[in-house]
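When you read off a place in the sequence shown, starting at 1, and then add 3, the result is the number in this note's numbering. In this text, a Cβ means the ideal position worked out from N, Cα and C, and glycines have one as well.
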Amino acid sequence: VDVDSYQPISVIVDFCHLIAAYTQGFKVIIEPFDERLPNVPDPLLNLACLDASLAIKSVFEHFQSVVITSGTLSPIDLYPKILNFVPITKTFEMSLSRECICPMIVTRGSDQMPLNARFQNRSDRSIIINYG
Numbered sequence: 004v005d006v007d008s009y010q011p012i013s014v015i016v017d018f019c020h021l022i023a024a025y026t027q028g029f030k031v032i033i034e035p036f037d038e039r040l041p042n043v044p045d046p047l048l049n050l051a052c053l054d055a056s057l058a059i060k061s062v063f064e065h066f067q068s069v070v071i072t073s074g075t076l077s078p079i080d081l082y083p084k085i086l087n088f089v090p091i092t093k094t095f096e097m098s099l100s101r102e103c104i105c106p107m108i109v110t111r112g113s114d115q116m117p118l119n120a121r122f123q124n125r126s127d128r129s130i131i132i133n134y135g
């Protein structure tokens, strides 16, 4: 039996299991097509969590200490009440007085050839030129 041929149905079954397990605080969002290609049927199903406390509740049940980092988790006083824990918070000042960096991932060189760092391609002329 070719198990890989059942991969698409396995994804659907996993998604249905999630929908059945989380009936409160979650919604299924159905997008029938991509807005950029409205004539191409390409449905997308999403399971959206409307209450972050539901998603993190099992983490608090299984672990004694939990570290949560967020720049936007608010209202911060609501979650300790819902999840019945005492938070130890540390706030850091954020400064934009210095120039911020903008990280980028470059996947193609100036000649539009894909970049890679594989050892066996180290002598490829296009790789040498694109890396400089």
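Straight-line gap, L86 to I22 (C-alpha atoms, nearest Å): L86 and I22: Cα-Cα distance of roughly 22 Å.
Query raised in the report: Can the beta-carbon of L53 be found less than 8 Å from the beta-carbon of G28?
Result: yes
Coil, strand or helix - D7 by DSSP: helix
**Message:** Excluding the 5 residues flanking I79 on each side, which residues of the same chain have their C-beta closer than 8 Å to its C-beta?
**Reply:** P90 and T92
- Enumerate in chain order the residues of its own chain whose CB-to-CB distance from I130 is below 6 Å, with the five nearest sequence positions on each side excluded. Counting only Cβ-Cβ distances below 6 Å, and skipping sequence neighbours, we find N124.
**Asked** So I33 and P46 are in contact, right, with Cβ under 8 Å, and what is the actual spacing, rounded?
**Response** 7 Å
Cα-Cα separation, R111 to R39 = One C-alpha to the other measures close to 24 Å.
Apart from the five residues on each side of it in sequence, which residues of its chain come closer than 8 Å, Cβ to Cβ, to V31?
I22, L48, N49, L50 and A51
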